[in-house]
Amino acid sequence: MANQIPEEVIEEIRKSNDIVDVIGEFVQLKKQGRNYFGLCPFHGEKTPSFSVTQEKQIFHCFGCGKGGNVVTFMMELENLSFVEAIKYLAGRSGLSIPDVDEDKDSTFSKENQSTLSAYEWLTKLYHHLLRFTKDGKEGYQYLKNRGISDNAIDEFQLGFAPNVKDFTAEFLKKKGFNQALLVKAGLLSLQNDNSVTDRFRGRIIFPIRNHIGKTIAFGGRTITGGEPKYLNSSESELFQKGKILYNFDLAKKHIRKENEVILFEGYMDVISAYQAGINNVIATLGTALTEYQAKLLNRYVDTVVICYDGDNAGLEATYKAANLLRKVGCQVKIANLQDDLDPDSFIKAHGGDAFRNEVLSTGDTYIHFYMRYLKKDYNLTLEGDRIQYIENILKELAQIDSSVEREYYLSEIHKEYNISMQSLTEEIEKLRSNQGYSPQKKDNTIQNRNTKRTNRNHSASKLLPAFQNAERKLLSYMLQDALIAEKVQDELGAGFNMDAHKIIATYLYAFYEEGHPPDVSLFIEKLTDPEFKKIVTEIAMLPVLEEISDKEINDYIRIIQEHRNDYSSIQALKEQQKLAEQQNDPLKAAQIAMQIIEIKKQLKQTN
Numbered sequence: 001m002a003n004q005i006p007e008e009v010i011e012e013i014r015k016s017n018d019i020v021d022v023i024g025e026f027v028q029l030k031k032q033g034r035n036y037f038g039l040c041p042f043h044g045e046k047t048p049s050f051s052v053t054q055e056k057q058i059f060h061c062f063g064c065g066k067g068g069n070v071v072t073f074m075m076e077l078e079n080l081s082f083v084e085a086i087k088y089l090a091g092r093s094g095l096s097i098p099d100v101d102e103d104k105d106s107t108f109s110k111e112n113q114s115t116l117s118a119y120e121w122l123t124k125l126y127h128h129l130l131r132f133t134k135d136g137k138e139g140y141q142y143l144k145n146r147g148i149s150d151n152a153i154d155e156f157q158l159g160f161a162p163n164v165k166d167f168t169a170e171f172l173k174k175k176g177f178n179q180a181l182l183v184k185a186g187l188l189s190l191q192n193d194n195s196v197t198d199r200f201r202g203r204i205i206f207p208i209r210n211h212i213g214k215t216i217a218f219g220g221r222t223i224t225g226g227e228p229k230y231l232n233s234s235e236s237e238l239f240q241k242g243k244i245l246y247n248f249d250l251a252k253k254h255i256r257k258e259n260e261v262i263l264f265e266g267y268m269d270v271i272s273a274y275q276a277g278i279n280n281v282i283a284t285l286g287t288a289l290t291e292y293q294a295k296l297l298n299r300y301v302d303t304v305v306i307c308y309d310g311d312n313a314g315l316e317a318t319y320k321a322a323n324l325l326r327k328v329g330c331q332v333k334i335a336n337l338q339d340d341l342d343p344d345s346f347i348k349a350h351g352g353d354a355f356r357n358e359v360l361s362t363g364d365t366y367i368h369f370y371m372r373y374l375k376k377d378y379n380l381t382l383e384g385d386r387i388q389y390i391e392n393i394l395k396e397l398a399q400i401d402s403s404v405e406r407e408y409y410l411s412e413i414h415k416e417y418n419i420s421m422q423s424l425t426e427e428i429e430k431l432r433s434n435q436g437y438s439p440q441k442k443d444n445t446i447q448n449r450n451t452k453r454t455n456r457n458h459s460a461s462k463l464l465p466a467f468q469n470a471e472r473k474l475l476s477y478m479l480q481d482a483l484i485a486e487k488v489q490d491e492l493g494a495g496f497n498m499d500a501h502k503i504i505a506t507y508l509y510a511f512y513e514e515g516h517p518p519d520v521s522l523f524i525e526k527l528t529d530p531e532f533k534k535i536v537t538e539i540a541m542l543p544v545l546e547e548i549s550d551k552e553i554n555d556y557i558r559i560i561q562e563h564r565n566d567y568s569s570i571q572a573l574k575e576q577q578k579l580a581e582q583q584n585d586p587l588k589a590a591q592i593a594m595q596i597i598e599i600k601k602q603l604k605q606t607n
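Sequential numbering of the sequence shown, starting at 1, is according to UniProt numbering.
Written out as structure tokens, the structure is:
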């Protein structure tokens, strides 16, 4: 089975990867009742409508409709093929799989597969050179002088590209890689005379991995004083700086555990913090935080701690990042990094414990930071500047819903600037009124947020005809009980009215006849049509009774059969009506039409 993974191996891998644990690495899940909910990773939303059930090992989004099991999730989220998803899950759970030909099944183009392979080879090569050879000694000594341990070098697979013009080009040429492709991938640079040189020669190499741990680019840091100081791979289909966060693959589990992420600006900040035991750390890649990255973080955590450099440029970048994160729904804290230091320098000088206690733990709320940020634009010894500064702070405070939080900051302004609380409160209320805030509106917003998902589910159910609801409910019970499926097979067979339900029921009968126990996740695995997977997942998420009587099952069957009989009657009457018209008997045709209308009317009343 060189190109096929045995079913029993797939089943072992699926069962070894609990869907809540796997999805929890990509989405912040919170338990509500028996299920877990979070923000859907497949479409933008601010109210969680993405549901995961541990009992059935499936997920479903009530917003966009995507659903499936743990394998489907990885395929959809990271655009992986089935084999790639299985391989990822096997590696995650420490299981091995037989050799398979991934190229045939891969979602990546041959060009991208080749690029990934080149990055994989070079990551290993550059790391080996740094750690164990004379060619990498210069780079190794630089990292040791910067206080980076061997463990951290190995953890982050740091490397060194020798300062030799064609070292990398020759190495990859011997491995059979196409030179034009390597130029396009940003590993080689094309010169004016059409020769190629190594893009990262003479630089420390920081492998940049995607969210599942594959190296998709390099960051290179010069150690000879050349420019630019940092150099990234050129952007490509695989690597887009605005969508990737450095160290995200290693930090995910720590972010989930802490329910907080620390955002840095540079590689060295991340590595210094990580080796000091602070593991929920990530960084942007030399660019400002993007909305895509902010939304990604909002899926994972409630709180983002921004820890940029303490200089003016860092202050400006912090302000922009904080506003972007708040816009997408994150709570923001600002680390207390003063004296123009960067995180790496602080940790080197004072240690990890001091960084935790003096920088992270004493961080500002966004409002406190904003007050500090805004002060730089005013001369507060001047009365006019002081009034304008306070008015701008009040505009920001007016957007806070919590009256307790507003009053807390107003009391600070009252103490610092000797303005009465009454004046400050009146000004805030006026601003809130002008901005359209009101207690009633706030209450309605909260109520809608809490009930939005429930209303969506109930309204969808009510809008469906009775026979369709009966078919969906019946299938949901069949999915969790083989005996109910057997009873329905005997009494109804494939006699459902909806074509999709007929096909799903037929597949389900075959599934049980093969000896499988009730297992929605496994049943979804057996389906090949994505639309049927989606429908089954949606049906499986319907609320059902733990025990249901034969009478209730019989009622569902009766409703389905009655609709089928009524539908058959209408079809027969339509044929009679057509015949009467052909025989030039308009009176009879009209009488039949009235019968059809009456049956449809009765159907509408019962539905």
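Just so you know, even glycine gets a beta-carbon here, dropped at the ideal spot from N, CA and C.
Straight-line Cα distance separating residue j from residue i
i, j, result
"S16", "S93", "6 Å"
"I216", "T123", "10 Å"
"N259", "G65", "27 Å"
"K376", "G363", "19 Å"
"I503", "C61", "23 Å"
"F248", "N210", "8 Å"
"Y142", "S345", "15 Å"
"residue 623", "I212", "Any answer about residue 623 is impossible in this case: the structure gives the chain only from 1 up to 607."
"D99", "I5", "8 Å"
"K214", "L116", "8 Å"
"E237", "F177", "18 Å"
"E513", "T506", "11 Å"
"T72", "F82", "8 Å"
"L508", "A466", "22 Å"
"K241", "Y267", "14 Å"
"S114", "K173", "13 Å"
"Y126", "G91", "24 Å"
"N457", "L380", "Unreliable placement is indicated for N457, whose pLDDT of 46 sits below 50; no coordinate value is reported for it."
"Q28", "M74", "16 Å"
"S459", "E383", "Note on S459: pLDDT 40, under 50, position unreliable in the model; no value is reported."
Delimiting residues of the alpha helix (DSSP H) encompassing residue i
i, result
"P207", "No alpha helix (DSSP H) contains P207, which is instead part of the beta strand (DSSP E) from R203 to R209."
"R256", "F248 to E258"
"N145", "K137 to N145"
"V270", "Y267 to Q275"
"H516", "No alpha helix (DSSP H) contains H516, which DSSP labels as neither H nor E."
"K15", "E7 to K15"
Residue environment, residue i, which counts as buried when at least 16 other CB atoms sit within 10 Å
i, result
"K229", "exposed"
"D309", "buried"
"P41", "buried"
"I428", "buried"
"N444", "Legend: pLDDT at N444 = 43, less than 50; position of this residue unreliable, value from coordinates given subsequently. Result: exposed."
"M421", "exposed"
"H563", "buried"
"T451", "Confidence at T451 is low in this model, with a pLDDT of 39, below 50, so the placement of that residue should be treated as unreliable; the coordinate-derived value is given next. Exposed, by the Cβ-count rule."
"D339", "exposed"
"P530", "exposed"
"R199", "buried"
"Q447", "Only weak support is given to the placement of Q447: the predicted model assigns it a pLDDT of 41, under 50, and the value that follows is read from those uncertain coordinates. Exposed, since its Cβ has fewer than 16 Cβ neighbours within 10 Å."
"residue 623", "Residue 623 cannot be examined here, being either before or after the span of the chain that is shown, 1 to 607."
"A67", "In the sequence as presented, Ala is not what sits at residue 67; that position holds Gly. Buried, since its Cβ has 16 or more Cβ neighbours within 10 Å."
Whether residue i touches residue j by CB criterion (8 Å)
i, j, result
"V378", "Y389", "What sits at residue 378 in the sequence shown is Tyr, not Val. The answer is yes: Cβ separation under 8 Å."
"V544", "Y477", "yes"
"Q275", "A152", "yes"
"R299", "G24", "no"
"K184", "W121", "no"
"I262", "V281", "yes"
"D490", "P518", "no"
"residue 611", "E471", "The question about residue 611 has no answer, for the chain in this structure spans 1 to 607."
"R203", "F167", "no"
"I19", "F59", "yes"
Unbroken beta strand (DSSP E) run spanning residue i, endpoints
i, result
"A283", "V281 to A283"
"F50", "F50 to T53"
"T222", "T215 to T222"
"V305", "T303 to I306"
"L190", "L188 to L190"
"I334", "Q331 to I334"
Bridge partner(s) assigned by DSSP for residue i
i, result
"N232", "G219"
"G38", "F50"
"A161", "R203"
"K30", "F37"
Residue-level contact to chain C via CB, residue i, 8 Å cutoff
i, result
"L187", "Absent from the structure: chain C. Only one protein chain is present."
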